[in-house]
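S.K.: Here's a structure for you.
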Amino acid sequence: MTTATNALAGDRTPETILVAVAWPYANNHLHAGHLAGAYLPADIFARYQRMRGNRVLMVSGSDSHGTPVTVRAEQEGTTPEAVFQRYHQSFLDTWDGFGISFDIFTSTDTPNHIKVAQDFFLRLRERGYLYEAEQELLYDPVAQRFLPDRYVEGTCPRCGAEGARGDQCDNCGSTLDALELINPISKLSNATPERRASSHFFLKLSAFTEQLQAWIGGKEHWRTNVRNFTLGMLREGLKDRAITRDLTWGVPIPLEGYDDKRIYVWFEAVIGYLSATVEWAASEANPTGNAEAWRDFWTSDTSRTYHFIGKDNIPFHTVIWPSMILGHGDLNLPYDVPANQYLTMGGTKASKSRGGVIWLPEYLERYDPDPLRYMMTANAPETSDSDFTWTEFVRRNNDELVARWGNLVNRVLTITGRNFDAAVPAPPADLSPESRALIERCDEAFEAVGNDFDHVNLRRGLTAAMEVAQAANQYLDARAPWSAVKTDRDHAAETLYVALNVISGLVTMLHPVLPFSCAKAWTMLGHSGDVEAAGWQRTPVLPGTPLPAPAPLFKKLDDAVVAEEEARLGS
RNA sequence: GGCAGGGUAGCUCAGUGGUAGAGCAGCGGACUCAUAAGCCGCCGGUCGUGGGUUCAAAUCCCACCCCUGUCACCA
Numbered sequence: 133m134t135t136a137t138n139a140l141a142g143d144r145t146p147e148t149i150l151v152a153v154a155w156p157y158a159n160n161h162l163h164a165g166h167l168a169g170a171y172l173p174a175d176i177f178a179r180y181q182r183m184r185g186n187r188v189l190m191v192s193g194s195d196s197h198g199t200p201v202t203v204r205a206e207q208e209g210t211t212p213e214a215v216f217q218r219y220h221q222s223f224l225d226t227w228d229g230f231g232i233s234f235d236i237f238t239s240t241d242t243p244n245h246i247k248v249a250q251d252f253f254l255r256l257r258e259r260g261y262l263y264e265a266e267q268e269l270l271y272d273p274v275a276q277r278f279l280p281d282r283y284v285e286g287t288c289p290r291c292g293a294e295g296a297r298g299d300q301c302d303n304c305g306s307t308l309d310a311l312e313l314i315n316p317i318s319k320l321s322n323a324t325p326e327r328r329a330s331s332h333f334f335l336k337l338s339a340f341t342e343q344l345q346a347w348i349g350g351k352e353h354w355r356t357n358v359r360n361f362t363l364g365m366l367r368e369g370l371k372d373r374a375i376t377r378d379l380t381w382g383v384p385i386p387l388e389g390y391d392d393k394r395i396y397v398w399f400e401a402v403i404g405y406l407s408a409t410v411e412w413a414a415s416e417a418n419p420t421g422n423a424e425a426w427r428d429f430w431t432s433d434t435s436r437t438y439h440f441i442g443k444d445n446i447p448f449h450t451v452i453w454p455s456m457i458l459g460h461g462d463l464n465l466p467y468d469v470p471a472n473q474y475l476t477m478g479g480t481k482a483s484k485s486r487g488g489v490i491w492l493p494e495y496l497e498r499y500d501p502d503p504l505r506y507m508m509t510a511n512a513p514e515t516s517d518s519d520f521t522w523t524e525f526v527r528r529n530n531d532e533l534v535a536r537w538g539n540l541v542n543r544v545l546t547i548t549g550r551n552f553d554a555a556v557p558a559p560p561a562d563l564s565p566e567s568r569a570l571i572e573r574c575d576e577a578f579e580a581v582g583n584d585f586d587h588v589n590l591r592r593g594l595t596a597a598m599e600v601a602q603a604a605n606q607y608l609d610a611r612a613p614w615s616a617v618k619t620d621r622d623h624a625a626e627t628l629y630v631a632l633n634v635i636s637g638l639v640t641m642l643h644p645v646l647p648f649s650c651a652k653a654w655t656m657l658g659h660s661g662d663v664e665a666a667g668w669q670r671t672p673v674l675p676g677t678p679l680p681a682p683a684p685l686f687k688k689l690d691d692a693v694v695a696e697e698e699a700r701l702g703s
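In structure tokens:
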């Protein structure tokens, strides 16, 4: 069967796409906010692009450095390496459980990353974009370390409130400098911090303002908030930024005489996008076997890089990392930074520290991955924060996944199995107008849904696909094959044949969002191979194909789940 | 406080100058193949507030209120 969608999938030049996902911080397990904010949208996008036949590389890794990892290790009486290793393994298990299809998920604690990051540092220095300067900082004499602003508390110099943090006063909302605090106290040891001078390397961000403005000026496909927020930052003017810290856990500075300093975690973590690609190219996972293949993603002018991140990371991906790339001089700038807003939990921000969090490893002990993937895409925080409640989760699962989509598959397969010897019925030579219309609607949806997915409008794409499922339910209801089979067997055969074919199209269209259940449905349609390899088009269901016994794709959830889970959230 | 995004039906959200939309919830109906699912219809909104521009504003302008992010040493 030749259709418009076959042509669509056919004569295209494959594109090269780097899906670069934020590096999770290895000091705790992942929660629902991580999934909704970056990992799930990145995975759906990557899966879709692979189905289109594009060459996709999806990279990320654990961010193993930074002060909180060190502090946690000290509290537990262990090493930063041990803390990082524990959560790195947890992350790998979480990706596996939710089907987040990384081509490589490495960490910043590899010799490769350290080398790539150090080379990057040296190159920027050689090209004149790094300079050294003295800074006055607060030092904790008991904990024997320099203190980030957040680790200092004191009296607010603006409003006089007690307990103001070094970066901000929660009472009056002022942005502070820790040096301004009255009666400062270290949160690590309760000691009174001392002022100490320290020499650090600074990145000359101020040198890139005009180039960044010109670059972002052409990015009209960016999300409004990402673009305007960045343009606002550039308008206000960029300040040079220190990119080294007084620490001993992190990437060493590749110069003599800096043993007690490390490269700032954010400077080296964004380089991880590059180092992970380099690591992949040199690994067995690279089918070409060419260790230089990383260049296809970073120096080819036809490759596109997408950064999937949460909104709090926008400045690092639209200003700092692009500045570093410009300073490097030989790498591609990002094509898009589809930053998501936040997933709130019953109205409050999902946060590790404040409770009210769904831990992903715990979720997987009790539920299948697809319902959460569905819920978080249908209600994705693409343009504004979106709220997660267990009531809504159960409703989406029961009313939309089970009732509209899963039940459509189940009812069609059951009627077919029972009345047509468990094989795909043969349609008449000419399909009726309503049958042709439904098939056509399904095939056209590939273009609309694909266009939405390609522009990272995942919520809209999913909605459009689910509307086809609804149209199929309407078609079934109008033609009632369960009663037609008794009076006009050919009529019923046509209906079921058409419904099976539309379901086949939907299984492909929904696969990026629902990979686990769509893989099951694929087999139940009598298809061989896997959905992803079949490409972004409806795979025809051919008359006479034997159909295995159907099983429900999703589990209906009892309303009691809501109370159980809300009790867990409160604890 | 500055900058950015958001505020639309009971709930979750679409909708950027031309008669306010969808799904769910609620109410009613016809059906019964299916995980009591699916289908049809009804009910439901002074579009955050107050001004302004316009023949016409959810949409453009001004002021204000609320939520979120960010403001360079959290990452």
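Residues in the first sequence are numbered from 133 upward in steps of one, following the numbering used here. All C-beta atoms, glycine included, are put in the ideal place defined by N, C-alpha and C.
Counting Cβ pairs closer than 8 Å, one from the region 630-638 and one from the region 485-501, do we hit at least three?
M.R.: Touching, no.
S.K.: Consult DSSP for residue 428 and reduce its assignment to one of helix, strand or coil.
M.R.: Within the first sequence, the letter at position 296 stands for residue 428. Residue 428 falls in the helix class under three-state DSSP.
S.K.: Give the straight-line distance between the Cα atoms of residue 239 and residue 217, rounded to the nearest whole angstrom.
M.R.: One-based indexing of the first sequence puts residue 239 at position 107. One-based indexing of the first sequence puts residue 217 at position 85. When rounded, the distance between both Cα atoms is 10 Å.
S.K.: With distances taken between CB atoms, is the gap from residue 323 to residue 272 smaller than 7 Å?
M.R.: Stepping through the first sequence from its first residue, residue 323 is reached at position 191. Stepping through the first sequence from its first residue, residue 272 is reached at position 140. Against a cut-off of 7 Å, the Cβ pair of residue 272 and residue 323 comes out as a contact.
S.K.: Would you mind giving the Cβ-Cβ distance between residue 373 and residue 334, rounded to the nearest angstrom? I have them listed as a contact below 8 Å.
M.R.: Taking the first sequence and counting its residues from 1, one reaches residue 373 at position 241. Taking the first sequence and counting its residues from 1, one reaches residue 334 at position 202. Correct: roughly 6 Å between the Cβ atoms.
S.K.: Given this structure, state the Cα-to-Cα distance separating residue 564 from residue 620, to the nearest angstrom.
M.R.: Working through the first sequence from its first residue, we reach residue 564 at position 432. Working through the first sequence from its first residue, we reach residue 620 at position 488. The alpha-carbon atoms of residue 564 and residue 620 are separated by roughly 14 Å.
S.K.: With a threshold of 8 Å on Cβ separation, who are the neighbours of residue 484 within its own chain once the five nearest residues in sequence on each side are excluded?
M.R.: Along the first sequence, read from residue 1 onward, the residue named residue 484 stands at position 352. Confidence is the limiting factor: at residue 484 the pLDDT is only 42, short of 50, which leaves the residue's position unreliable and the question unanswerable from this model.
S.K.: With DSSP as the reference, label residue 388 as helix, strand or coil.
M.R.: Position 256 of the first sequence, counted from the first residue, corresponds to residue 388. Here residue 388 sits in coil by DSSP.
S.K.: Can you find the residues in the same chain that come closer than 7 Å, C-beta to C-beta, to residue 286, ignoring five residues on each side of it along the sequence?
M.R.: Within the first sequence, the letter at position 154 stands for residue 286. Excluding positions up to five away in sequence, the list reads 296, 313, 314, 315, 316 and 317.
S.K.: Please list the segments of the alpha helix (DSSP H) lying wholly inside the region 206-276, counting only runs of 4 or more residues, in order along the chain.
M.R.: Complete alpha helix (DSSP H) runs here, min 4: 212-230 and 243-258.
S.K.: Could you compute how far the alpha carbon of residue 172 sits from the alpha carbon of residue 210?
M.R.: In the first sequence, the residue the question calls residue 172 occupies position 40. In the first sequence, the residue the question calls residue 210 occupies position 78. When rounded, the distance between both Cα atoms is 32 Å.
S.K.: Please classify residue 371 as buried or exposed, where buried requires at least 16 other C-beta atoms within 10 Å of its C-beta.
M.R.: Here the question's residue 371 lines up with position 239 in the first sequence. With fewer than 16 Cβ atoms within 10 Å of its Cβ, residue 371 is classed as exposed.
S.K.: In angstroms, rounded to a whole number, what distance separates the CA positions of residue 650 and residue 610?
M.R.: To locate residue 650, count along the first sequence from 1; it is residue 518. To locate residue 610, count along the first sequence from 1; it is residue 478. Cα to Cα, residue 650 sits roughly 26 Å from residue 610.
S.K.: Going by C-alpha distance, which of 394, 678 and 446 is nearest residue 712?
M.R.: Lying before the first or after the last residue shown, residue 712 is absent from the chain, which here runs from 133 to 703.
S.K.: Determine the extent of the alpha helix (DSSP H) in which residue 176 is found, giving its start and end residues.
M.R.: Here residue 176 refers to the residue found at position 44 of the first sequence. Segment 172-183, the alpha helix (DSSP H) holding residue 176.
S.K.: Is residue 459 closer than 7 Å to residue 261 when the C-beta atoms are compared?
M.R.: On the first sequence, residue 261 is found 129 positions in, with the first residue counted as 1. On the first sequence, residue 459 is found 327 positions in, with the first residue counted as 1. Yes, they are a contact pair.
S.K.: Would residue 75 be called buried (16 or more neighbouring beta carbons within 10 Å of its own) or exposed?
M.R.: The structure shown does not extend to residue 75, since the chain spans only 133 to 703, so no value can be given for it.
S.K.: With DSSP as the reference, identify every bridge partner of residue 439, one or two as the case may be.
M.R.: In the first sequence, counting from the first residue as 1, residue 439 sits at position 307. Per DSSP, 152.
S.K.: Can you tell me whether DSSP reads residue 690 as helix, strand or coil?
M.R.: The count along the first sequence starts at 1 and reaches residue 690 at position 558. Residue 690 falls in the coil class under three-state DSSP.
S.K.: Using only alpha-carbon positions, find the residue among 586, 552 and 560 that is nearest to residue 678.
M.R.: Locating residue 678 in the first sequence gives position 546, counting from the first residue. That would be 552, whose Cα lies nearest to the Cα of residue 678.
S.K.: Specify the secondary structure class of residue 192 as computed by DSSP and reduced to three states.
M.R.: Reading the first sequence from its first residue, position 60 is the one you call residue 192. In the structure shown, residue 192 sits in a strand (DSSP, three-state: E or B).
S.K.: Which full runs of the alpha helix (DSSP H) of 4+ residues lie inside the region 515-571, going along the chain?
M.R.: Complete alpha helix (DSSP H) runs here, min 4: 522-527 and 539-551.
S.K.: If I follow the unbroken alpha helix (DSSP H) through residue 659, where does it start and stop?
M.R.: Translated into positions along the first sequence, residue 659 becomes position 527. Here residue 659 belongs to no alpha helix (DSSP H), and DSSP marks it neither H nor E.
S.K.: Residue 474 to residue 169, Cα distance in whole Å?
M.R.: Position 342 of the first sequence, counted from the first residue, corresponds to residue 474. Position 37 of the first sequence, counted from the first residue, corresponds to residue 169. So the two alpha carbons sit approximately 6 Å from each other.
S.K.: Cβ-heavy atom distance between residue 494 and the ligand FAD below 6 Å?
M.R.: This structure simply doesn't include the ligand FAD, nor any ligand for that matter.
S.K.: Label residue 291 either buried or exposed according to how many other C-beta atoms from any shown protein chain fall within 10 Å of its C-beta, with 16 as the threshold for buried.
M.R.: Numbered from its first residue, the first sequence carries residue 291 at position 159. It is exposed - the Cβ of residue 291 has fewer than 16 other Cβ atoms within 10 Å.
S.K.: For the region 331-363, list the alpha helix (DSSP H) runs that are entirely contained and at least 4 residues long, ordered along the chain.
M.R.: As far as the region 331-363 is concerned, its whole alpha helix (DSSP H) runs of at least 4 residues are 341-349.
S.K.: Under three-state DSSP, which class holds residue 316?
M.R.: Translated into positions along the first sequence, residue 316 becomes position 184. Of the three classes helix, strand and coil, the one that applies to residue 316 here is strand, per DSSP.
S.K.: Nearest to residue 470 by alpha carbon, out of 442, 411 and 299?
M.R.: One-based indexing of the first sequence puts residue 470 at position 338. Residue 442 is the option with its Cα nearest to residue 470.
S.K.: In the DSSP output, which residue or residues are listed as bridge partners for residue 468?
M.R.: Indexing the first sequence from 1 puts residue 468 at position 336. According to DSSP, residue 468 bridges with 438.
S.K.: Tell whether a beta-carbon distance below 7 Å holds between residue 302 and residue 281.
M.R.: Locating residue 302 in the first sequence gives position 170, where the first residue counts as 1. Locating residue 281 in the first sequence gives position 149, where the first residue counts as 1. In this structure, residue 281 does not lie closer than 7 Å to residue 302 by Cβ.
S.K.: How many Å lie between residue 401 and residue 195 at the Cα?
M.R.: Within the first sequence, numbered from 1, the residue matching residue 401 stands at position 269. Within the first sequence, numbered from 1, the residue matching residue 195 stands at position 63. Their Cα atoms are separated by approximately 7 Å.
S.K.: How is the alpha helix (DSSP H) around residue 497 delimited, first residue to last?
M.R.: The residue you call residue 497 lines up with position 365 of the first sequence. That run of the alpha helix (DSSP H) goes 492-498.
S.K.: Go through its chain and collect everything with a Cβ distance to residue 146's Cβ below 6 Å, but skip five positions before and after it.
M.R.: Here residue 146 refers to the residue found at position 14 of the first sequence. Here the set comprises 185, 186 and 187.
S.K.: Once the 5 residues before and after residue 204 are set aside, which same chain residues still bring their CB inside 6 Å of it?
M.R.: Position 72 of the first sequence holds residue 204. Only 159 and 215 meet the Cβ criterion.
S.K.: Round the Cβ separation of residue 407 and residue 244 to the nearest angstrom and send it over; I've been treating them as touching at under 8 Å.
M.R.: Taking the first residue of the first sequence as 1, we reach residue 407 at position 275. Taking the first residue of the first sequence as 1, we reach residue 244 at position 112. Rounded, the Cβ-Cβ distance is 6 Å, consistent with contact.
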